[in-house]
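Each remark here refers to the structure printed beneath this line.
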Amino acid sequence: MVGIIGSFASIISLVLAIYFYTESVEIRDLTYHVHPARTAIVGANDATSISVSYKGKEIQSELSAASVAFWNAGEKEIRKEDILSPFVIEIEGKSPILEAKLLKKSRDPIIIDIDDSRKDVGLLEISWNVLEEHDGAVIQMIYASGTKNKITVRATLVGQADISSLKYPGKIRTPSEQYDAYKSQQKLTGFMMLGFGSIMLAVMVWFMWSKVKILEDEWREHIGWRELLMLSQPILFIGMAFYELVIKSVPFPPFGF
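Residue numbers for the sequence shown, in my numbering: 1 to 257.
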């Protein structure tokens, strides 16, 4: 018994030692996130009287807007001298970046510089004075290509060969898809209420009928306000189901979005 307790205590001590060691180690963890919701300013097949020019030359391609966030997710600060290869944002296909601006930053003392000297080939170089834990910024870009063009970010730091990427696991839904999902959820809720209420009603009717039949007396003598109150609950569920399935509606254009 003593040996088992000693072994168990040794395992716990080892686990705690590893935990406290990992917690005490400070690392750099530069992380970026390309916002999944991009805006199509001008689509490929849009018929519009608006013309967009860049350096005196009319843009014939699509125009899109995107945002890229980056921050230090580690405990150790990231200084300018810790950057071995530049922090670069690149648009797939070397699509020209027409405008790039600092949308926001975590703190005023943080200095963020945007080098757009290579924006004609879809490249931005970002630098900063220092990023402490949770420090970062958001860069907004308008570029001459579609919303499906891939945006890549790369950099190499001291102690971090590849920067981390935070990706959104879900899908950004269109208004039409959101409406369909809401209607499906509404139907599911309605049918669940209808089923639950119907089962409760059947059980309550059976219970009261059995009670009257067993006693073989008038039902008024054995069905009181408690039984009627219990009977009202499944009726309420059925009424709520009727509201969800028949009455309740969401304003939506008949021709969709």
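No residue lacks a Cβ here, since even glycine has one placed at the ideal position from N, Cα and C.
Point to revise | Assigned exposure category for residue 277 - 16 Cβ within 10 Å defines buried | key: Lying outside 1 to 257, the shown extent of the chain, residue 277 is not represented and no answer is given.
Practice item. Determine the extent of the beta strand (DSSP E) in which residue 32 is found, giving its start and end residues. Key: Locating residue 32 in the sequence shown gives position 32, where the first residue counts as 1. Start and end: 30-34.
Check your understanding: According to DSSP, is residue 92 helix, strand or coil?
Key -> Here residue 92 corresponds to residue number 92 of the sequence shown, with the count starting at 1. Here residue 92 sits in helix by DSSP.
Check your understanding: Taking the alpha carbon of residue 234 as the point to measure from, which residue in 203, 243, 210 and 94 has its own alpha carbon closest?
Key -> The residue given as residue 234 occupies position 234 in the sequence shown. Looking only at 203, 243, 210 and 94, the smallest Cα-Cα distance to residue 234 is reached by 203.
Point to revise | Straight-line Cα distance separating residue 145 from residue 95 | key: As a position in the sequence shown, residue 95 is number 95, starting the count at 1. As a position in the sequence shown, residue 145 is number 145, starting the count at 1. Their Cα atoms are separated by approximately 6 Å.
Point to revise | Span of the beta strand (DSSP E), counted from its first residue to its last, around residue 152 | key: Here residue 152 is taken as the residue at index 152 of the sequence shown, counted from 1. Its beta strand (DSSP E) spans residues 151-157.
Check your understanding: Under the rule that 16 or more other beta-carbon atoms within 10 Å means buried, what is residue 71, buried or exposed?
Key -> Against the sequence shown, residue 71 aligns to sequence position 71. With 16 or more other CB atoms across the displayed protein chains lying within 10 angstroms of its CB, residue 71 is buried.
Check your understanding: Is the region 55-66 touching the region 194-203 in the sense that three or more CB pairs, one from each, lie closer than 8 Å?
Key -> no
Review point. Mind checking whether residue 155 and residue 110 have CB atoms under 8 Å apart?
Key: Here residue 155 refers to the residue found at position 155 when the sequence shown is read from its first residue. Here residue 110 refers to the residue found at position 110 when the sequence shown is read from its first residue. With respect to the 8 Å criterion, residue 155 and residue 110 are not classified as neighbours on the basis of their beta carbons.
Point to revise | residue 197 (DSSP reduced to helix, strand or coil) | key: To locate residue 197, count along the sequence shown from 1; it is residue 197. DSSP places residue 197 in helix when its eight states are reduced to three.
**Study point:** Identity of the residues DSSP links to residue 122 by a beta bridge
**Key:** Start at 1 with the first residue of the sequence shown, and residue 122 comes out as number 122. DSSP, once it has assigned bridges, lists no residue as partnering residue 122.
Review point. With distances taken between CB atoms, is the gap from residue 97 to residue 143 smaller than 8 Å?
Key: As a working mapping, residue 97 is identified with position 97 in the sequence shown. As a working mapping, residue 143 is identified with position 143 in the sequence shown. In contact: residue 97 and residue 143 (Cβ atoms closer than 8 Å).
**Study point:** residue 241, buried or exposed, once every other Cβ within 10 Å from all chains shown has been counted against 16
**Key:** What you label residue 241 is simply residue 241 of the sequence shown in a count that begins at 1. Per the 10 Å Cβ criterion, buried.
Point to revise | Nearest residue (CA-CA) to residue 90, options 135, 149 and 177 | key: Counting from 1 along the sequence shown, the entry for residue 90 is found at position 90. Cα-wise, what sits closest to residue 90 is 149.
Practice item. Compare the Cα-Cα distances from residue 141 to each of 119, 128, 157 and 132 and report the closest residue. Key: The residue labelled residue 141 in the question sits at position 141 within the sequence shown. Ranking 119, 128, 157 and 132 by Cα distance to residue 141 puts 119 first.
Exercise for review: May I have the straight-line CA-CA distance separating residue 123 from residue 33, to the nearest angstrom?
Suggested key: Taking the sequence shown and counting its residues from 1, one reaches residue 123 at position 123. Taking the sequence shown and counting its residues from 1, one reaches residue 33 at position 33. So the two alpha carbons sit approximately 17 Å from each other.
Point to revise | Coil, strand or helix - residue 187 by DSSP | key: Counting from one through the sequence shown, the residue named residue 187 turns up at place 187. DSSP places residue 187 in helix when its eight states are reduced to three.
**Study point:** Whole-angstrom C-beta distance between residue 133 and residue 177, which should lie under 8 Å
**Key:** Translated into the one-based positions of the sequence shown, residue 177 becomes position 177. Translated into the one-based positions of the sequence shown, residue 133 becomes position 133. Not quite, the Cβ-Cβ distance comes to about 38 Å (not below 8 Å), so this is no contact.
Check your understanding: On the three-state DSSP scale, how would you describe residue 73?
Key -> Sequence index remark: in the sequence shown, residue 73 carries index 73 (1-based). Reduced to three states, the DSSP call for residue 73 is coil.
Point to revise | Bounding residues of the beta strand (DSSP E) (the contiguous stretch that carries residue 99) | key: Reading the sequence shown from its first residue, position 99 is the one you call residue 99. Looking at the DSSP string, the run of the beta strand (DSSP E) that includes residue 99 is 97-105.
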